[in-house]
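Peer 1: Quick one: the structure is below, and I'll ask about it shortly.
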Amino acid sequence: MLKMMIRTTTAATSSSCYCWSSRGMNCLHSNSTFLVFVNNYFAFFHSQPSKPIKSTRTQLEQPKRDLPKITNVEDAFNLFDRMLQMRPLPSVVRFTKILGQVAKLKHYSAVISLDNQMGVSRIRHDIYTLTILINCYCHLNQMGFSLSVLGKFFKLGLEPNVFTFATLINGFLLENRVVQAAELFNKMINAGNCQPDAVTYGTLVKGFCMKGNNSAAIHLLRKMEEGACKPGLVVYNTIIDSLCKDKLVDDALNLLSEMMSKGIAPNVFTFTSLIHEVCKLGKWKEAKGLLNEMVSKNVFPDVYTFSVLVDTLCKEGMVGEAEGVVEMMIERDIQPGTVTYNSLMDGYCLRGEMSKARKVFKLMPSKGSMVNVFSYSILINGYCKRKMMDEAMMLLQEMSRKGLVPDTVTYSTLADGFCKVGKLGDAQKLFSEMQACGQLPDVQTYAVLLDGLCKNRQLSTAIQLFKEMEGKKLDVNIVIYTILIEGLCIAEKIESARELFFGLSSRGLQPNVRTYTIMINGLCIGGRTSEAEKLLIEMEEKGCSPNGWTYNIIIRGFINNNESVRAMELIQQMVEKGFSADASTTELIIDLLCKDKVDPALLPLMQKENYELNLPQLKLNRSSDHPNKH
DNA sequence: CTAGGGTTAG
1 MLKMMIRTTT
11 AATSSSCYCW
21 SSRGMNCLHS
31 NSTFLVFVNN
41 YFAFFHSQPS
51 KPIKSTRTQL
61 EQPKRDLPKI
71 TNVEDAFNLF
81 DRMLQMRPLP
91 SVVRFTKILG
101 QVAKLKHYSA
111 VISLDNQMGV
121 SRIRHDIYTL
131 TILINCYCHL
141 NQMGFSLSVL
151 GKFFKLGLEP
161 NVFTFATLIN
171 GFLLENRVVQ
181 AAELFNKMIN
191 AGNCQPDAVT
201 YGTLVKGFCM
211 KGNNSAAIHL
221 LRKMEEGACK
231 PGLVVYNTII
241 DSLCKDKLVD
251 DALNLLSEMM
261 SKGIAPNVFT
271 FTSLIHEVCK
281 LGKWKEAKGL
291 LNEMVSKNVF
301 PDVYTFSVLV
311 DTLCKEGMVG
321 EAEGVVEMMI
331 ERDIQPGTVT
341 YNSLMDGYCL
351 RGEMSKARKV
361 FKLMPSKGSM
371 VNVFSYSILI
381 NGYCKRKMMD
391 EAMMLLQEMS
401 RKGLVPDTVT
411 YSTLADGFCK
421 VGKLGDAQKL
431 FSEMQACGQL
441 PDVQTYAVLL
451 DGLCKNRQLS
461 TAIQLFKEME
471 GKKLDVNIVI
481 YTILIEGLCI
491 AEKIESAREL
501 FFGLSSRGLQ
511 PNVRTYTIMI
521 NGLCIGGRTS
531 EAEKLLIEME
541 EKGCSPNGWT
551 YNIIIRGFIN
561 NNESVRAMEL
571 IQQMVEKGFS
581 ADASTTELII
591 DLLCKDKVDP
601 ALLPLMQKEN
611 YELNLPQLKL
621 NRSSDHPNKH
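Next comes the structure, spelled out in structure tokens:
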């Protein structure tokens, strides 16, 4: 038996070295089912017509365009200049059309400067111009200016219409101010002269969904049914997507049947939401079923749908298959976009294949996909996970040369990389740098830094940072407390760790598996093995099942406290639950055996059939159960 | 000429 254990130990060690990433680890559980899904899926698409029938609508829309289509801001500025020099001046409508197009390109500040030029030439605003302006300020997170534009309506004797109000409601939502959005909505209803339309309702429904308030969204849906403005496709799609994001796929599917029974046909948005969530839950059969269903209804997957599939395949570690999907997209004349390629790059990064990721990154512009902040963050994350900090930092510098603004995620990723290689100073430098550049640290940024400080035994600095974080109105969550509890345990301040742990519920926080495991570890370090075991039972009772990592921790705790009898019992419990010993636990067990420290009374237990049979599982030690993940 | 829904990174 000893031989077997040693063999499996090496297997466990090498497997945990290979799996350096915590993401993508779920590939272990259902690879084969997913493969079946993918194979079916390929066969399925090859049997479909390669091009969906294009709607004739777009063809009809073309001739009425009396203005060259603007594809970039420069063209807009040039055209605008020429128009401003014409005498007589073109009408406000002509100018507004350009503003509308630039706004569609999401160049909101460009719209504002164009509007200023209009002002200089004394071109009067109309309702359209002002509404576009409001929308631009909304997207620039400047609601204050949006509201002052509203004031202009009255000055000019114009009356805001339902477009204006819907835009303002959306603006509040972009700032996460759902209450104000709802207030404005109610004002519309009560004032009586401008009733909300389907879009206005849809916007507010989205607001409730954003706040995770699905029941309020559904309530509004029911209210629409009673009134004159019946819910349409978009409102259903919004709620279906929100239900999906909350993993309530069954509720989402019920809503799908409901809309169909009302004669509202689901479109590619509806199916993409559903397929996305079903893929995330690993329900490949259902994903295939939905793909079948949509095509049978003449709804064809588009670049969004395919990107979801590419992303899922990549996260499952099946990058080759993802590449196949990309090729199929091109064959079917659906051009992969930046998001598609970003997902593919992330897939390579997750497997540590940085040169392949880099190749995609390099080829993107020639395929018509501009790299963006996501592309850089993905690559940077790839290098950070491989501890290649120089390469990661070079990319950060390249970003600013290309005029891309690194965001909170980019900086947090880099800070985490530096923390993990023990360069706390560099992490802290980035933390200040990001704030100097106007990027606000969020909870996850603080989590990265706190974790780095705690793991590097700088507890007092960590506590200082924690206080700073509390001072800002950041929502301190269980992840943060878990890091602090671990920090206290590392510093062997077990009493303080216990206090913090048992005070969690009074802060309205629920410990998760990680929190429990870290506390159990702390208690074991402090020699309180019986209390640790109590916690193991308690977590199970509270519906938080211990995982393989938890068992390994507590077993090691018992062995280290010379309680090998109880340790052996726990090993059996662990094996019965389908978990297995990891490398360091196995080492301790071997040590016990070598030193003949195992009570002969235990031998019958150790030779139990199920225990022996399960030993080869050692090599299946899953690093997803490992602490290095928040 | 103006407004709402689905894809990617820590």
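FYI, the numbering for the first sequence is 1 to 630, going by UniProt numbering.
Just so it is clear, CB atoms sit at the ideal spot from N, CA and C, and this is done for glycine as well.
Pick helix, strand or coil for residue 81, following the three-state DSSP scheme.
Peer 2: Translated into the one-based positions of the first sequence, residue 81 becomes position 81. In this structure, residue 81 counts as helix in the three-state DSSP scheme.
Peer 1: Leaving out five residues before and five after residue 361 in sequence, what residues of the same chain have Cβ atoms less than 7 Å from its Cβ?
Peer 2: Here residue 361 corresponds to residue number 361 of the first sequence, with the count starting at 1. Excluding positions up to five away in sequence, the list reads 345, 371, 375 and 379.
Peer 1: If you follow the alpha helix (DSSP H) that residue 237 is part of, which residue opens it and which one closes it?
Peer 2: Residue 237 sits at position 237 when you count from the first residue of the first sequence. Where residue 237 is concerned, the enclosing alpha helix (DSSP H) stretches over 233-245.
Peer 1: Can you have a look at residue 558 and say buried or exposed, based on whether 16 or more other CB atoms are within 10 angstroms of its CB?
Peer 2: Residue 558 sits at position 558 when you count from the first residue of the first sequence. Under this definition residue 558 is a buried residue.
Peer 1: Under the rule that 16 or more other beta-carbon atoms within 10 Å means buried, what is residue 141, buried or exposed?
Peer 2: Here residue 141 refers to the residue found at position 141 of the first sequence. Residue 141 comes out exposed.
Peer 1: Following the continuous alpha helix (DSSP H) through residue 416, name the residue where it begins and the one where it ends.
Peer 2: By one-based count along the first sequence, residue 416 stands at place 416. Where residue 416 is concerned, the enclosing alpha helix (DSSP H) stretches over 408-420.
Peer 1: By the DSSP assignment, the alpha helix (DSSP H) with residue 576 in it spans what residues?
Peer 2: Mapped onto the first sequence, residue 576 falls at position 576. That run of the alpha helix (DSSP H) goes 564-576.
Peer 1: Compare the C-alpha of residue 424 against each of 389, 440, 402 and 397 and name the closest.
Peer 2: Here residue 424 corresponds to residue number 424 of the first sequence, with the count starting at 1. With distances taken between Cα atoms, residue 424 lies closest to 389.
Peer 1: Between the Cα of residue 532 and the Cα atoms of 262, 581, 400 and 566, which residue gives the shortest distance?
Peer 2: Counting from one through the first sequence, the residue named residue 532 turns up at place 532. Among 262, 581, 400 and 566, the Cα nearest to that of residue 532 is on 566.
Peer 1: According to DSSP, is residue 104 helix, strand or coil?
Peer 2: The residue given as residue 104 occupies position 104 in the first sequence. Helix.
Peer 1: Could you name the residues of the same chain whose beta carbon sits closer than 6 Å to that of residue 603, not counting the 5 residues immediately before and after it, in chain order?
Peer 2: Residue mapping note: residue 603 aligns to position 603 of the first sequence, counting from 1. Note on residue 603: pLDDT 49, under 50, position unreliable in the model; no value is reported.
Peer 1: If you follow the alpha helix (DSSP H) that residue 168 is in, where does it begin and where does it stop?
Peer 2: Here residue 168 refers to the residue found at position 168 of the first sequence. Looking at the DSSP string, the run of the alpha helix (DSSP H) that includes residue 168 is 162-174.
Peer 1: What's the C-alpha gap between residue 631 and residue 369?
Peer 2: Only positions 1 to 630 of the chain appear in the structure, and residue 631 is not among them; the question remains open.
Peer 1: Please say whether residue 497 and residue 483 have beta carbons closer to each other than 9 Å?
Peer 2: Looking up residue 483 in the first sequence gives position 483. Looking up residue 497 in the first sequence gives position 497. No, the pair does not count as a contact, with Cβ atoms beyond the cut-off.
Peer 1: For the alpha helix (DSSP H) that contains residue 494, what are its first and last residues?
Peer 2: On the first sequence, position 494 is the one that residue 494 refers to. Element bounds for residue 494: 494-502.
Peer 1: Identify, in the order they occur along the chain, each residue of the same chain with its Cβ nearer than 8 Å to the Cβ of residue 243, setting aside the five sequence neighbours on each side.
Peer 2: Against the first sequence, residue 243 aligns to sequence position 243. 214, 249, 251, 252 and 255, listed in sequence order.
Peer 1: When you compare each of 227, 333, 217 and 226 to residue 235 by their alpha carbons, which one comes out closest?
Peer 2: In the first sequence, residue 235 corresponds to position 235, counting from 1. Ranking the options by Cα distance to residue 235, first place goes to 217.
Peer 1: Assuming residue 474 and residue 488 make a contact with CB atoms under 8 Å, what is their CB distance in whole Å?
Peer 2: For this step, residue 474 is matched to residue 474 along the first sequence. For this step, residue 488 is matched to residue 488 along the first sequence. Contact doesn't hold; Cβ gap of about 21 Å is too wide.
Peer 1: Between the C-alpha atoms of residue 561 and residue 546, what's the straight-line distance to the nearest angstrom?
Peer 2: Sequence index remark: in the first sequence, residue 561 carries index 561 (1-based). Sequence index remark: in the first sequence, residue 546 carries index 546 (1-based). About 21 Å.
Peer 1: Measuring straight from C-alpha to C-alpha, what distance separates residue 491 and residue 166?
Peer 2: Counting from one through the first sequence, the residue named residue 491 turns up at place 491. Counting from one through the first sequence, the residue named residue 166 turns up at place 166. Straight-line Cα distance between these residues: approximately 54 Å.
Peer 1: Is residue 634 helix, strand or coil when you go by DSSP?
Peer 2: For the chain, the structure presents residues 1 to 630; residue 634 sits outside this window and is missing.
Peer 1: Given 8 Å as the limit, is there contact between the stretch 320-332 and the stretch 277-288, that is, 3 or more CB pairs closer than that?
Peer 2: Touching, no, given that fewer than three Cβ pairs across the two stretches are closer than 8 Å.
Peer 1: Look at the alpha carbon of residue 302 and the alpha carbon of residue 316, and state the distance between them as a whole number of angstroms.
Peer 2: As a working note, residue 302 is residue 302 in the first sequence. As a working note, residue 316 is residue 316 in the first sequence. Between residue 302 and residue 316, the C-alpha separation is close to 21 Å.
Peer 1: Evaluate residue 570 with the Cβ neighbour count: other Cβ atoms within 10 Å of its Cβ, from every protein chain shown; 16 or more gives buried, anything less gives exposed.
Peer 2: On the first sequence, residue 570 is found 570 positions in, with the first residue counted as 1. By the 10 Å Cβ count, residue 570 comes out buried.
Peer 1: Quick one: grab the DSSP three-state call for residue 154.
Peer 2: Here residue 154 refers to the residue found at position 154 of the first sequence. If DSSP states are grouped into helix, strand and coil, residue 154 belongs with the helices.
Peer 1: With a threshold of 8 Å on Cβ separation, who are the neighbours of residue 431 within its own chain once the five nearest residues in sequence on each side are excluded?
Peer 2: Taking the first sequence and counting its residues from 1, the one referred to as residue 431 is at position 431. The residues are 411, 415, 441, 445 and 449.
Peer 1: Measure the beta-carbon distance from residue 194 to residue 161 and round it to whole angstroms, keeping in mind my assumption that it falls under 8 Å.
Peer 2: Counting from one through the first sequence, the residue named residue 194 turns up at place 194. Counting from one through the first sequence, the residue named residue 161 turns up at place 161. With a Cβ gap of about 7 Å, residue 194 and residue 161 count as contacting.
Peer 1: Secondary structure at residue 325, three-state DSSP: helix, strand or coil?
Peer 2: On the first sequence, residue 325 is found 325 positions in, with the first residue counted as 1. Three-state DSSP puts residue 325 in a helix.
Peer 1: Since I believe residue 386 is in contact with residue 352 (beta carbons under 8 Å), could you give me their beta-carbon distance rounded to a whole number of angstroms?
Peer 2: As a working mapping, residue 352 is identified with position 352 in the first sequence. As a working mapping, residue 386 is identified with position 386 in the first sequence. Between residue 386 and residue 352 the Cβ distance is about 6 Å, and since that is below 8 Å, they are a contact.
Peer 1: Using CA atoms only, rank isn't needed, just tell me which of 210, 233, 95 and 518 is closest to residue 267.
Peer 2: Within the first sequence, residue 267 is the residue found at index 267, counting from 1. For residue 267, the nearest C-alpha among the options comes from 233.
Peer 1: State the Cα-Cα distance for the pair residue 73 and residue 179, rounded to the nearest angstrom.
Peer 2: Translated into positions along the first sequence, residue 73 becomes position 73. Translated into positions along the first sequence, residue 179 becomes position 179. Spanning the two alpha carbons is a distance of roughly 35 Å.
Peer 1: With 16 as the cutoff for other CB atoms within 10 Å, does residue 10 come out buried or exposed?
Peer 2: Position 10 of the first sequence, counting from 1, holds the residue named residue 10. Note on residue 10: pLDDT 31, under 50, position unreliable in the model; no value is reported.
Peer 1: Quick check on DSSP: helix, strand or coil for residue 229?
Peer 2: Walking along the first sequence from the start, residue 229 turns up at place 229. Coil, per DSSP.
Peer 1: Which value, in whole angstroms, describes the spacing of the CA atoms of residue 443 and residue 261?
Peer 2: The count along the first sequence starts at 1 and reaches residue 443 at position 443. The count along the first sequence starts at 1 and reaches residue 261 at position 261. In a straight line, the C-alpha of residue 443 is about 43 Å away from that of residue 261.
Peer 1: What whole-angstrom Cβ distance do residue 239 and residue 279 have, given they're in contact under 8 Å?
Peer 2: Along the first sequence, read from residue 1 onward, the residue named residue 239 stands at position 239. Along the first sequence, read from residue 1 onward, the residue named residue 279 stands at position 279. With a Cβ gap of about 20 Å, residue 239 and residue 279 do not count as contacting.
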